[in-house]
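What follows is a set of notes on a single structure, which appears directly below.
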């Protein structure tokens, strides 16, 4: 049977990865594609990045819910993970939060 501690670490790493990916897609959409659409009339970037960002957002939500249910977080912590992703550069708040939760889980499983 798989080591639960290793599974938690892997799940946290996936959550961190998709948190970064979601933020990068949001920044590309807001900082690159939208200005190109409105200042140059080039809407291909929005048509391309919009669905990519939507997909990364839903994949991130999937991993957030999966991590929270496996690690028994509170619904308020899930809400925090979701709300922070709506803010550009909000991932930096999430990364430290996820790192702290991962440390707490490691300490709880070690004792």
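In the UniProt record's numbering, the protein residues as written are 1 to 111. A virtual CB, placed ideally from N, CA and C, is assigned to each residue, including glycine. Quick caveat: nothing in here was measured; it's all calculated off a predicted structure.
I believe residue i touches residue j by the beta-carbon criterion, under 8 Å. Please report the beta-carbon distance rounded to the nearest angstrom.
i          : j          : result
residue 45 : residue 36 : 5 Å
residue 78 : residue 94 : In fact, because the Cβ distance is near 12 Å, the residues do not count as touching under 8 Å.
residue 57 : residue 23 : At roughly 10 Å, the Cβ-Cβ gap does not stay under 8 Å, so residue 57 and residue 23 are not in contact.
residue 19 : residue 52 : Actually they are not in contact, since the Cβ atoms of residue 19 and residue 52 sit about 16 Å apart, beyond 8 Å.
residue 63 : residue 21 : 10 Å between Cβ atoms; not a contact.
What residue from the options has the CA that sits closest to residue i's CA?
i          : options        : result
residue 99 : 67, 75, 79     : 67
residue 29 : 87, 72, 73, 64 : 87
Rounded to whole angstroms, what is the Cα-Cα separation between residue i and residue j?
i           : j          : result
residue 107 : residue 40 : 53 Å
residue 13  : residue 90 : 17 Å
residue 102 : residue 27 : 26 Å
residue 32  : residue 38 : 11 Å
residue 71  : residue 42 : 44 Å
residue 83  : residue 69 : 18 Å
residue 47  : residue 65 : 28 Å
residue 11  : residue 34 : 33 Å
residue 1   : residue 60 : Caution is warranted here: a pLDDT of 48 is assigned to residue 1, below 50, making its placement in the model unreliable, and the coordinate value is therefore given only provisionally. About 27 Å.
residue 104 : residue 54 : 31 Å
Looking at the structure shown, is residue i part of a helix, part of a strand, or coil, going by DSSP?
i          : result
residue 89 : coil
residue 99 : helix
residue 37 : helix
residue 16 : helix
residue 74 : coil
residue 25 : helix
residue 42 : coil
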